[in-house]
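Beneath this line is the structure, given in structure tokens, with notes to follow.
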Amino acid sequence: MKISRLTWKSFIYIEPVLLLYSCGFFMSLPVQKQFIYSRYSEEVGFPYSLDSKGKGSCSNVNDAAQNETLKLLETKVQELASGFDRLVIPCTFLPATVMGLFIGPWTDSVGRKPALLISTFGAVLESLIVIGVMYFRWSLHLLIVGKLLNALSGFFTLLGQASFNYVIDMTDKSLLSTRLAALQLVIFIGGFLGQTFSGVLMSSFGFILPYVGMSFCFISSFTYCLLVVPESRQTSSKQDTSLFNVHSLKRVINVFTSPRPSHQKRNLIILIAIDSLFFSLTKGGVMNIVVLYLIKSPLCFSSTGLGAFFGFKFASEGLVGIAGVIVLRKVLCEENVFRAGFVSTGLAFFWLAYVQTQNMVFLVPIISSISGIVMPLVKGAISTLVKQEEQGATNTAVGVLESLALVVGSWIFNTLYIIASEAKCTYMVFVVLGAVSLTPIFMISALQKLKEE
Numbered sequence: 001m002k003i004s005r006l007t008w009k010s011f012i013y014i015e016p017v018l019l020l021y022s023c024g025f026f027m028s029l030p031v032q033k034q035f036i037y038s039r040y041s042e043e044v045g046f047p048y049s050l051d052s053k054g055k056g057s058c059s060n061v062n063d064a065a066q067n068e069t070l071k072l073l074e075t076k077v078q079e080l081a082s083g084f085d086r087l088v089i090p091c092t093f094l095p096a097t098v099m100g101l102f103i104g105p106w107t108d109s110v111g112r113k114p115a116l117l118i119s120t121f122g123a124v125l126e127s128l129i130v131i132g133v134m135y136f137r138w139s140l141h142l143l144i145v146g147k148l149l150n151a152l153s154g155f156f157t158l159l160g161q162a163s164f165n166y167v168i169d170m171t172d173k174s175l176l177s178t179r180l181a182a183l184q185l186v187i188f189i190g191g192f193l194g195q196t197f198s199g200v201l202m203s204s205f206g207f208i209l210p211y212v213g214m215s216f217c218f219i220s221s222f223t224y225c226l227l228v229v230p231e232s233r234q235t236s237s238k239q240d241t242s243l244f245n246v247h248s249l250k251r252v253i254n255v256f257t258s259p260r261p262s263h264q265k266r267n268l269i270i271l272i273a274i275d276s277l278f279f280s281l282t283k284g285g286v287m288n289i290v291v292l293y294l295i296k297s298p299l300c301f302s303s304t305g306l307g308a309f310f311g312f313k314f315a316s317e318g319l320v321g322i323a324g325v326i327v328l329r330k331v332l333c334e335e336n337v338f339r340a341g342f343v344s345t346g347l348a349f350f351w352l353a354y355v356q357t358q359n360m361v362f363l364v365p366i367i368s369s370i371s372g373i374v375m376p377l378v379k380g381a382i383s384t385l386v387k388q389e390e391q392g393a394t395n396t397a398v399g400v401l402e403s404l405a406l407v408v409g410s411w412i413f414n415t416l417y418i419i420a421s422e423a424k425c426t427y428m429v430f431v432v433l434g435a436v437s438l439t440p441i442f443m444i445s446a447l448q449k450l451k452e453e
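Just so you know, this note's numbering puts 179 at position 179 of the sequence shown, and the rest follows in order with no gaps.
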């Protein structure tokens, strides 16, 4: 039964699962990246530390500005960490993409709950492997084994797809954009809590204890989903419920090939392209280089400062995201609301490129806050262009393209960052990111013209 009026009871099923998972997932990002940075620092002899007293992780470089040896070591660590991320991202998202091609459409037959359980269980397995690498000081490349196991379970990509499908199944179309914005707010709250506490916990207890906390979040998410969350779709014994089924791939392809009015099909393709481009620029593909940029000299963010920055960014984008969907749509046409989000993203990257102090960096979340409105609006618009029975396949197609965009974006911008590090102009990477972030504005113009036809 679809929800036609939002109450507090509307948010007690999928939201806690996503909140717990998001908290653990987004806490893992800075912890893993700084752990990898720390291990490479040990290898090359660079004095990196989890400083909680405000001096920053690379204050020795700034204190001895003429020490070229330290600067060369820092550059070497930056290149190694960025290169490792170029390896990790494809190993994570390409298997997850392949599995998503089958699992996403499969949920149209068997329901959404199995996908939720599979993806949360994969996160539990990865977290246990990471704890082993940290405690026993195993090779960093074993982290990739954990990533592969998580990826074969669908990763956060599958959980996001299944969650959006779950909400679409349960919600009237008139409330869909608001409901999806609320779902994104839950993700941002989880991100805010995870990122903020990651820095505090790392500064006080090192790397292992925060990861134990993350493992607890993933286990709790899996358990809550198993025991509390009801199925959102009615399934039939007549439907083919096999997982690796060629019909699953056909359903994804049919999203683009099914007969539709010409303007509707072109609008769908444009919206999916916008979603993929925005995803590749704002998600994990570029987060790695943002972390590397902030912890290097001259900014030298400590783990606490880094957690505070990303926590503030998640909070501002989440709150403005849900408020923007409700408020801005009343005063602006939908195309201009989209444009505001992309301009916000581009300006934030431009600002980050030229900041000189830590205080200036904290203006980035304020500048980028309006970008939080983009994802729920785009996904809501896409869902209105397809039939109810196509929702799972459509979100799978979107998730696949998002993953591919993230892999390509990660490879391109990590490569640019390594080149820029050698040329001592890392800020130029963010100038390029800012320019690319503005390109969807012109794609939106094409969409508007299509609507006018």
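For glycine and all other residues, C-beta sits at the position ideal for the given N, C-alpha and C. All values reported here derive from a predicted model rather than from experimental measurement.
Unbroken alpha helix (DSSP H) run spanning residue i, endpoints
i    : result
P105 : E68 to V110
R260 : Neither: R260 is in no alpha helix (DSSP H) and is coded neither H nor E.
W411 : Q391 to E422
L185 : L176 to F205
S119 : K113 to F136
V145 : L142 to L152
7 Å Cβ cutoff, residue i in contact with chain C
i    : result
G341 : Absent here is chain C; the protein component of the structure consists of one chain.
Closest Cα partner of residue i within the set the options
i    : options                   : result
S232 : S109, I418, S204 and M214 : S109
H141 : F430, G372, Q32 and L271  : Q32
S303 : I118, F102 and S204       : S204
M375 : L193, L50, G321 and F218  : G321
L125 : I103, A115 and L148       : L148
F278 : L94, V436, L87 and S41    : V436
L249 : F301, N395 and Y135       : N395
I456 : F164, T171, M170 and I168 : Any property of residue 456 remains undetermined from this structure, which presents the chain solely from 1 to 453.
V255 : L101, S49 and I14         : L101
V44  : L70, L19, L281 and V17    : L70
I370 : A381, L347 and Q388       : L347
L363 : G380, T345 and K379       : T345
G190 : L180, L201, C217 and G199 : C217
P90  : V200, R39 and S280        : S280
V468 : I419, T92, G24 and L72    : Since the first residue of the chain shown is 1 and the last is 453, residue 468 is not available in this structure.
L227 : I12, G409 and S445        : I12
Q388 : I289, P105 and A151       : P105
G24  : F156, L50 and G132        : F156
T223 : L243, F309 and L18        : L18
I470 : A96, M27 and R137         : Here the chain has residues from 1 to 453 only, and residue 470 is not among them.
T171 : I444, L80, I366 and I14   : I14
DSSP-derived helix/strand/coil call for residue i
i    : result
T7   : coil
T304 : helix
S41  : helix
T439 : coil
T171 : strand
S52  : Summary for S52: the model assigns pLDDT 46, below 50, so the residue's position carries little reliability, and this model does not support an answer.
A64  : Confidence at A64 is low in this model, with a pLDDT of 48, below 50, so its placement is unreliable and no value can be given for it.
T357 : coil
L292 : helix
I370 : helix
N245 : coil
C425 : coil
C225 : helix
Y13  : coil
K33  : helix
L450 : For L450, the predicted structure reports a pLDDT of 45, less than 50, and the residue's modelled location is therefore unreliable. The matter cannot be settled from this model.
CB-CB length for residue i against residue j, believed under 8 Å
i    : j    : result
G318 : Q184 : 7 Å
L158 : S215 : Their Cβ separation, rounded to whole angstroms, is 19 Å, which puts L158 and S215 out of contact at 8 Å.
A397 : V252 : 5 Å
S177 : L377 : 6 Å
G372 : G324 : 7 Å
S198 : L20  : The pair is not a contact, with the Cβ atoms about 15 Å apart (cut-off 8 Å).
V229 : K330 : In fact, because the Cβ distance is near 33 Å, the residues do not count as touching under 8 Å.
I103 : L243 : 7 Å
S179 : W411 : The displayed chain sequence assigns Arg, not Ser, to residue 179. That belief does not hold up - the Cβ atoms of R179 and W411 are roughly 34 Å apart, past 8 Å.
G305 : P30  : Going by Cβ atoms, the distance from G305 to P30 rounds to 11 Å, so no, they are not a contact pair.
6 Å CB neighbourhood of residue i in its chain, flanking five on each side removed
i    : result
F430 : F349, L352 and A353
V286 : F413
G311 : F192, Q195 and T196
K76  : V44
I382 : L271
Sequence-distant residues of the same chain with beta carbon closer than 7 Å to residue i, five excluded per side
i    : result
Q78  : L292, K296 and S421
E390 : V255
S38  : Y48
L73  : V44, G45 and F46
V212 : I131
Beta-carbon contacts of residue i that lie in its chain and below 8 Å, excluding the five residues immediately before and after
i    : result
L385 : R260, Q264, N267, L268 and L271
E452 : Interpretation of E452 is limited by its pLDDT of 46, a score under 50 that renders its predicted location unreliable; the figure taken from the coordinates is listed afterwards. So no residue of the chain qualifies.
P440 : I274, L277, F278, F338 and F342
F35  : M134 and F207
S403 : F93, L94, A96, T97, G100 and T157
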